[in-house]
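Protein chains: 2
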Amino acid sequence: MAAVAELVTTEIEGLFPEQWEVPQNLREAMKYSLMAGGKRLRPLLVIAACEALGGRREAALPVASAIEMVHTYSLIHDDLPAMDNDDYRRGKLTNHKVFGEATAILAGDALLTHAFYSIVQASRRFGVPAECVLSIVEDLAEMAGPRGMVGGQIADMEGEQGLTELERLQYIHLHKTGDLIVFSLLAGGRIAGATEQQLEALRSFGTHIGLAFQVQDDILDLIGDEGKLGKKTGSDLKQEKVTYPYFIGLEASRQEVERLTETAKLAVSEGGFSDSTRLLEIAGYLMKRDH
Amino acid sequence: MAAVAELVTTEIEGLFPEQWEVPQNLREAMKYSLMAGGKRLRPLLVIAACEALGGRREAALPVASAIEMVHTYSLIHDDLPAMDNDDYRRGKLTNHKVFGEATAILAGDALLTHAFYSIVQASRRFGVPAECVLSIVEDLAEMAGPRGMVGGQIADMEGEQGLTELERLQYIHLHKTGDLIVFSLLAGGRIAGATEQQLEALRSFGTHIGLAFQVQDDILDLIGDEGKLGKKTGSDLKQEKVTYPYFIGLEASRQEVERLTETAKLAVSEGGFSDSTRLLEIAGYLMKRDH
Numbered sequence: 526m527a528a529v530a531e532l533v534t535t536e537i538e539g540l541f542p543e544q545w546e547v548p549q550n551l552r553e554a555m556k557y558s559l560m561a562g563g564k565r566l567r568p569l570l571v572i573a574a575c576e577a578l579g580g581r582r583e584a585a586l587p588v589a590s591a592i593e594m595v596h597t598y599s600l601i602h603d604d605l606p607a608m609d610n611d612d613y614r615r616g617k618l619t620n621h622k623v624f625g626e627a628t629a630i631l632a633g634d635a636l637l638t639h640a641f642y643s644i645v646q647a648s649r650r651f652g653v654p655a656e657c658v659l660s661i662v663e664d665l666a667e668m669a670g671p672r673g674m675v676g677g678q679i680a681d682m683e684g685e686q687g688l689t690e691l692e693r694l695q696y697i698h699l700h701k702t703g704d705l706i707v708f709s710l711l712a713g714g715r716i717a718g719a720t721e722q723q724l725e726a727l728r729s730f731g732t733h734i735g736l737a738f739q740v741q742d743d744i745l746d747l748i749g750d751e752g753k754l755g756k757k758t759g760s761d762l763k764q765e766k767v768t769y770p771y772f773i774g775l776e777a778s779r780q781e782v783e784r785l786t787e788t789a790k791l792a793v794s795e796g797g798f799s800d801s802t803r804l805l806e807i808a809g810y811l812m813k814r815d816h
Numbered sequence: 526m527a528a529v530a531e532l533v534t535t536e537i538e539g540l541f542p543e544q545w546e547v548p549q550n551l552r553e554a555m556k557y558s559l560m561a562g563g564k565r566l567r568p569l570l571v572i573a574a575c576e577a578l579g580g581r582r583e584a585a586l587p588v589a590s591a592i593e594m595v596h597t598y599s600l601i602h603d604d605l606p607a608m609d610n611d612d613y614r615r616g617k618l619t620n621h622k623v624f625g626e627a628t629a630i631l632a633g634d635a636l637l638t639h640a641f642y643s644i645v646q647a648s649r650r651f652g653v654p655a656e657c658v659l660s661i662v663e664d665l666a667e668m669a670g671p672r673g674m675v676g677g678q679i680a681d682m683e684g685e686q687g688l689t690e691l692e693r694l695q696y697i698h699l700h701k702t703g704d705l706i707v708f709s710l711l712a713g714g715r716i717a718g719a720t721e722q723q724l725e726a727l728r729s730f731g732t733h734i735g736l737a738f739q740v741q742d743d744i745l746d747l748i749g750d751e752g753k754l755g756k757k758t759g760s761d762l763k764q765e766k767v768t769y770p771y772f773i774g775l776e777a778s779r780q781e782v783e784r785l786t787e788t789a790k791l792a793v794s795e796g797g798f799s800d801s802t803r804l805l806e807i808a809g810y811l812m813k814r815d816h
């Protein structure tokens, strides 16, 4: 997994062609957050899904770095004073603390936009069929957009009228984190030429590990190690956020993470993939993670 | 032109399929700015370029509304307190004054993301070839991204090191406004199946009317009618922005608008289009506009 993360980092370092005239501080702001020590989970999922179906790792790289850009943009905007107002992330100053608010907003915008450019390069550089790349563009626009990640973010921030707190929690988890995880798996599958049935297996796997990931996040915010997490714990309580431990308790939340992970593993083992090892490894890793 | 603007507005009203679960306040914030009385210039250019080459108007509509979404997102983010800090635009309260800063940031993010979804629908709904739609996605990501509009915006806001003021002014005009105008024309052309030579003619037309548009903007900010513009004039002077009238004077700026418009018209008349009337009309309208 470390080797794959390294590959993705190298791909991201070649973010812009040399000859591109990009203002220096914009370039630095984009790279600062992209290189701030993320786990590269979503790129790993793209590549793992692609390889599970016998696809080529290289062909998945443009989409793998695209999803990391989208994830990074969402963190930069989330951290803004108008949103979560966080000064630190992963133990480093947040983007707007280093570059100022205006540049941080624009660096986020640029990362989101450039992600779509990167996806198209799967066709230009590796000959992935245009029809397939177009489906990936459509998926990303849907899952990162108003009814996907941004919708989840709004619901997290402001609350949604007419929903119970539990419905709202589920909506937030499904969209704010889950959609990009599902996207990553579908995109990797599409690049490898997945059948509809295989895409469904990947979607189910993604939905379940996505939810497990989020419940684990809730748990870590409550009892995690601040040093390992690189951020202060207890922020959910302080911001009065609805969380799984709040609803069902800590022990039941832990069991829920296990149950969701098992369901995810089952989905993938029934997907008819040529090699599911990496996907199962990632699911296991996520369940046990402490940061 | 009014009829086409009307068509685009109808297309935008059908922004999300009915069954889409989008948080209510996000939906409202997106629509508020999309329906705030924009001139629909960029969508008109998409359609005019498409029709100039004998393409179908309907097939251009998804891209026409996409570019209006991108333009609208850029205005919402530009108006934010961390950026230009504007309370009014086109005589109406800006997005963040109505919905709050966090929702305004997210509404902008959602509009940008959804624009890419809309572009893909040109293939889904009207059978535009995937290869062609992919080129439109690539163009938009390039021209709205770090070396396009966002690059121009950064340069406008913070200045760029190592450039003279005139070089910086040209960079800003070329990218902050010009790139989306060029994109609109290229996209319309692509939908109609333009040849490389025709795309070059559209690019030249777009670059010149884009620059003329911006110089005219500089002029209107200096001597325009606040009632017609729906905003205060003199803001460039107050913010000490570099403008064309500042460099070459008001009368020479007026002549520059005319010269650029004539060059644009020449490019289009030599492009070998089946009917350039609409494009020439728009160029003439832009030159004479007072708001």
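These protein sequence lines are chains B and D, in that order. Just so we're aligned: 655 in this note's numbering is position 130 of the first sequence, and the numbers increase by one with no gaps anywhere. Just so we're aligned: 590 in this note's numbering is position 65 of the second sequence, and the numbers increase by one with no gaps anywhere. Ideal Cβ placement from N, Cα and C applies to all residues, glycine included.
Identify the continuous alpha helix (DSSP H) that holds residue i and give its terminal residues.
i, result
"residue 620/B", "620-624"
"residue 550/B", "549-559"
"residue 774/D", "Neither: residue 774/D is in no alpha helix (DSSP H) and is coded neither H nor E."
"residue 698/D", "Looking at the DSSP string, residue 698/D is not in any alpha helix (DSSP H), and its letter there is neither H nor E."
"residue 573/D", "566-577"
"residue 729/B", "721-748"
"residue 605/D", "Where residue 605/D is concerned, there is no enclosing alpha helix (DSSP H), given that its DSSP letter is neither H nor E."
"residue 678/B", "674-683"
"residue 538/D", "527-538"
"residue 658/D", "655-668"
"residue 799/B", "Unbroken run through residue 799/B: none, as it is neither H nor E."
"residue 761/D", "760-763"
"residue 751/B", "751-754"
Comparing alpha-carbon positions, which option in the options lies nearest residue i?
i, options, result
"residue 723/D", "676/D, 659/D, 799/D", "799/D"
"residue 677/D", "710/D, 629/D, 532/D, 599/D", "599/D"
"residue 788/B", "773/B, 737/B, 719/B", "737/B"
"residue 786/B", "773/B, 806/B, 767/B", "806/B"
"residue 714/D", "703/D, 763/D, 726/D", "726/D"
"residue 783/B", "733/B, 626/B, 796/B, 766/B", "733/B"
"residue 597/B", "555/B, 781/B, 766/B", "555/B"
"residue 550/B", "720/D, 635/D, 680/D, 561/D", "680/D"
"residue 797/B", "578/B, 564/B, 548/B", "578/B"
"residue 694/D", "740/D, 670/D, 567/D", "740/D"
"residue 754/D", "560/D, 617/D, 728/D", "617/D"
"residue 584/B", "731/B, 640/B, 716/B", "716/B"
"residue 792/D", "574/D, 560/D, 612/D", "574/D"
"residue 593/D", "750/D, 764/D, 769/D, 705/D", "705/D"
"residue 557/D", "569/D, 543/D, 534/D, 546/D", "534/D"
"residue 761/D", "628/D, 607/D, 611/D, 711/D", "611/D"
"residue 606/D", "763/D, 627/D, 794/D, 666/D", "627/D"
"residue 730/D", "590/D, 711/D, 719/D, 682/D", "711/D"
Under 8 Å Cβ-Cβ, which residues of chain B neighbour residue i?
i, result
"residue 642/D", "663, 666, 667, 670"
"residue 555/D", "671"
Closer than 7 Å by beta-carbon distance: list the chain B residues that pair up with residue i, in chain order.
i, result
"residue 739/D", "The premise fails here: residue 739/D is roughly 18 Å from chain B at the closest Cβ pair, so nothing lies under 7 Å."
"residue 638/D", "637, 666, 669, 670, 675"
"residue 546/D", "672"
Just to make sure I have the definition right: I need the residues of chain D whose C-beta is within less than 8 Å of the C-beta of residue i. Which are they?
i, result
"residue 602/B", "630, 631, 634"
"residue 541/B", "671, 672"
From the DSSP secondary-structure annotation, give me the bridge partner or partners of residue i.
i, result
"residue 617/B", "614/B"
In chain B, which residues lie less than 9 Å from residue i when you measure between Cβ atoms?
i, result
"residue 778/D", "Here the premise fails: no neighbours, minimum Cβ distance about 25 Å."
Which residues of chain D have a Cβ atom closer than 9 Å to the Cβ of residue i, listed in chain order?
i, result
"residue 626/B", "605, 606, 607, 608"
"residue 590/B", "Result: empty, since nearest Cβ-Cβ is about 13 Å, beyond 9 Å."
"residue 812/B", "Those within 9 Å of residue 812/B in chain D number zero; the least Cβ separation is about 29 Å."
State yes or no: is the beta carbon of residue i nearer than 8 Å to at least one beta carbon in chain E?
i, result
"residue 772/D", "The displayed structure is made up of protein chains B and D, and chain E is not among them."
Interface residues of chain D around residue i at Cβ under 7 Å?
i, result
"residue 659/B", "645, 648, 655, 658, 659"
(message) If contact is defined by three or more beta carbon pairs under 8 Å, each pair taking one atom from either stretch, is the segment 652-659 of chain B in contact with the segment 616-625 of chain D?
(response) Too few Cβ pairs lie closer than 8 Å, so no.
(request) Evaluate the contact criterion for the segment 658-670 of chain D versus the segment 534-542 of chain B: three or more CB pairs, one atom per stretch, below 8 Å. (result) Fewer than three pairs of CB atoms, one per stretch, sit closer than 8 Å, so the segment 658-670 of chain D makes no contact with the segment 534-542 of chain B.
(message) Below 8 Å, how does it come out for the segment 807-815 of chain D and the segment 743-757 of chain D: are there three or more Cβ pairs, yes or no?
(response) Two segments are said to touch when three or more pairs of C-beta atoms, one from each, lie closer than 8 Å; by this definition the segment 807-815 of chain D touches the segment 743-757 of chain D.
(message) With a threshold of 8 Å, are at least 3 pairs of Cβ atoms found where one atom belongs to the segment 770-784 of chain D and the other to the segment 638-650 of chain D?
(response) With a cut-off of 8 Å, the segment 638-650 of chain D and the segment 770-784 of chain D do not count as touching, because too few Cβ pairs lie within range.
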